[in-house]
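Student: To start, I am sharing the structure in question, which I have written as structure tokens.
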Amino acid sequence: MNKINIVLVLALLLMSCGSKPVKKLVGERMKTISSVEIDVLLEDSTLNVRALEVIKERDGFTFLTSKGQFGVFMKPDIAENNKQDYTKIFPVQLKYGDSIIPNFRALAANTKSGFGISIGNPTLVYKLKASEGESKVVYIENHEKAFYDAMEFWNEEEGIAIGDPTDNCMSIIITRDGGDTWTKLSCDVLPKAKDGEAAFAASDTNIAIVGDKTWVATGGKASRILYSADKGHTWDVFETPIVQGIGTTGMYSIDFYDELNGFAIGGDYTKADANEANKIRTKDGGKTWELVAQNQNPGYRSCVQYVPNSHGRALVAIGFKGIDYSSDNGTTWKHLSDEGYYTLRFLNDSTAFAAGNKRISKLTFR
Numbered sequence: 002m003n004k005i006n007i008v009l010v011l012a013l014l015l016m017s018c019g020s021k022p023v024k025k026l027v028g029e030r031m032k033t034i035s036s037v038e039i040d041v042l043l044e045d046s047t048l049n050v051r052a053l054e055v056i057k058e059r060d061g062f063t064f065l066t067s068k069g070q071f072g073v074f075m076k077p078d079i080a081e082n083n084k085q086d087y088t089k090i091f092p093v094q095l096k097y098g099d100s101i102i103p104n105f106r107a108l109a110a111n112t113k114s115g116f117g118i119s120i121g122n123p124t125l126v127y128k129l130k131a132s133e134g135e136s137k138v139v140y141i142e143n144h145e146k147a148f149y150d151a152m153e154f155w156n157e158e159e160g161i162a163i164g165d166p167t168d169n170c171m172s173i174i175i176t177r178d179g180g181d182t183w184t185k186l187s188c189d190v191l192p193k194a195k196d197g198e199a200a201f202a203a204s205d206t207n208i209a210i211v212g213d214k215t216w217v218a219t220g221g222k223a224s225r226i227l228y229s230a231d232k233g234h235t236w237d238v239f240e241t242p243i244v245q246g247i248g249t250t251g252m253y254s255i256d257f258y259d260e261l262n263g264f265a266i267g268g269d270y271t272k273a274d275a276n277e278a279n280k281i282r283t284k285d286g287g288k289t290w291e292l293v294a295q296n297q298n299p300g301y302r303s304c305v306q307y308v309p310n311s312h313g314r315a316l317v318a319i320g321f322k323g324i325d326y327s328s329d330n331g332t333t334w335k336h337l338s339d340e341g342y343y344t345l346r347f348l349n350d351s352t353a354f355a356a357g358n359k360r361i362s363k364l365t366f367r
């Protein structure tokens with residue numbers, strides 16, 4: 002791909018990943034889903050993807066892998082004869098120093114740049130460029146307990162990433178200058194973590210943002226909601242009834258449709274068929290939560306997302322045991338497929354992209 006096309010790709014990527022789709026359109030009828038069609042777009046025996054974002058303007062997506070690779074898939078524009086296949090940039094290999102290959106689990110963007118954060122020690126935040134050698138590290142954290150799980154932006158200037166505790170609180174880093182610098186919050190301004198409380202880097206959906214409001218889902222021996230009404234300046238904590246008590250239990254994913262209605266899912270990935278106390282919802286902005294679909298499938302799932310334009314009623318949950326759909330805000334569920342993935346993002350109310358072990362696919366909901 003020539004340099005002009007690379008610049009175009011990057012500009013579209015940054016404009017679209019940073020802008021969240023409108024989730025609620027008054028007066029629109031909700032689309033009912035009865036099946037899913039799966040089209041594998043990228044398949045590789047070494048591929049492992051949990052960090053995925055859509056490029057709405059070009060019907061595509063961008064992703065980071067566990068082996069430090071950055072990729073972009075999108076539909077060509079009119080200038081390229083409006084071909085129906087995807088323009089691809091993959092892989093752009095990222096590396097720190099001579100030997101460190103970052104293991105990425107999270108990806109986010111403002112309207113200017115894309116950012117990825119790696120797990121493990123050292124933690125590396127990359128400012129991404131869709132051309133070889135131009136991405137750069139903008140934050141480094143050296144700590145034996147460092148492990149970051151998810152990343153999101155509120156707006157062009159302000160973003161957040163969350164991770165496991167290195168002290169007596171969850172790790173939270175924030176940027177207020179468009180991602181050029183990141184600062185770790187002091188435990189003095191955060192709720193104290195409970196024994197064994199952490200988070201899961203399973204699908205990059207531990208953080209939900211609506212306007213200035215932010216919800217962070219923790220998991221493990223304790224699984225709670227950290228809540229900020231003011232873009233991370235102050236924090237509260239809310240209890241949840243989801244299964245918890247051992248290191249592999251709790252919330253793995255959270256999403257909010259609006260400021261009041263939210264849903265979280267998880268369970269225990271080592272007991273993936275268990276479906277007791279693994280699905281919860283709120284109608285009051287996360288202050289209180291109720292168990293739903295008790296002892297009903299699905300069991301463990303690593304990602305849940307509201308279907309756009311569904312008035313807060315339709316949800317899709319995904320995990321390595323398959324894909325499931327609810328049309329009544331999680332009260333009942335329909336199993337759509339046994340095909341396993343780690344994470345998904347909706348392009349619109351009929352199309353999503355899903356990523357996982359060895360492949361990335363386009364999902365068309367019928």
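Going left to right, the sequence shown walks through residues 2 to 367 as the working numbering numbers them. Each residue gets a CB set at the ideal place from its N, CA and C atoms; glycine is no exception.
#1: Is DSSP giving Glu58 helix, strand or coil here?
#2: For Lys32 and Asp350, I'd like the C-alpha separation in whole angstroms.
#3: Within the same chain, show all residues whose beta-carbon is closer than 6 Å to that of Ser204, passing over the 5 residues directly before and after it, in chain order.
#4: So the beta strand (DSSP E) Tyr342 belongs to, where does it begin and stop?
#5: Looking at the secondary structure, which residues open and close the beta strand (DSSP E) in which Gly164 lies?
#6: Can you look up Cys304 in the DSSP assignment and give me helix, strand or coil?
#7: Return helix, strand or coil for Tyr87, following the three-state DSSP convention.
#8: Taking its Cβ as the centre, do 16 or more other Cβ atoms sit within 10 Å of Glu54, making it buried, or is it exposed?
#9: Out of curiosity, what's the CA-to-CA distance linking Gly287 and Leu261?
#10: Using the Cα positions of Phe62 and Val73, report the straight-line distance between them to the nearest angstrom.
#11: Output needed for Thr235: all residues of its chain with C-beta closer than 8 Å, excluding positions within five of it in sequence on either side, in chain order.
#12: Count the other CB atoms within 10 Å of the CB of Asp256; is the residue buried (16 or more) or exposed (fewer)?
#13: Could you say which of Glu142, Phe321 and Ser46 lies nearest to Thr271 if we only look at CA atoms?
#14: Please return the same chain residues whose Cβ sits closer than 8 Å to the Cβ of Glu157, not counting the five positions on each side in sequence.
#15: Give the secondary structure of Thr215 by DSSP, where H, G and I count as helix, E and B as strand, and everything else as coil.
#16: Here's the rule: buried if 16 or more other CB atoms are within 10 angstroms of the residue's CB, otherwise exposed. What is His312?
#17: In the structure shown, what three-state DSSP assignment does Val126 receive?
#18: Starting from Glu142, trace the beta strand (DSSP E) in both directions and tell me its first and last residue.
Tutor: With the structure as the only source:
#1: In this structure, Glu58 counts as helix in the three-state DSSP scheme.
#2: Distance between the alpha carbons of Lys32 and Asp350 is about 7 Å.
#3: Closer than 6 Å at Cβ, skipping near neighbours: Arg51, Ser254, Ser303, Cys304, Tyr343 and Thr344.
#4: Element bounds for Tyr342: n/a, residue is neither H nor E.
#5: Segment Gly160 to Gly164, the beta strand (DSSP E) holding Gly164.
#6: strand
#7: Coil.
#8: buried
#9: About 7 Å.
#10: 6 Å
#11: Listed in chain order, the non-local C-beta contacts of Thr235 below 8 Å within the same chain comprise Val190 and Ser229, local neighbours out to five positions each way being set aside.
#12: Classification for Asp256: buried.
#13: Nearest option by C-alpha distance: Phe321.
#14: Gly19, Asn111, Thr112, Lys113 and Gly179
#15: strand
#16: buried
#17: strand
#18: Lys137 to Glu142
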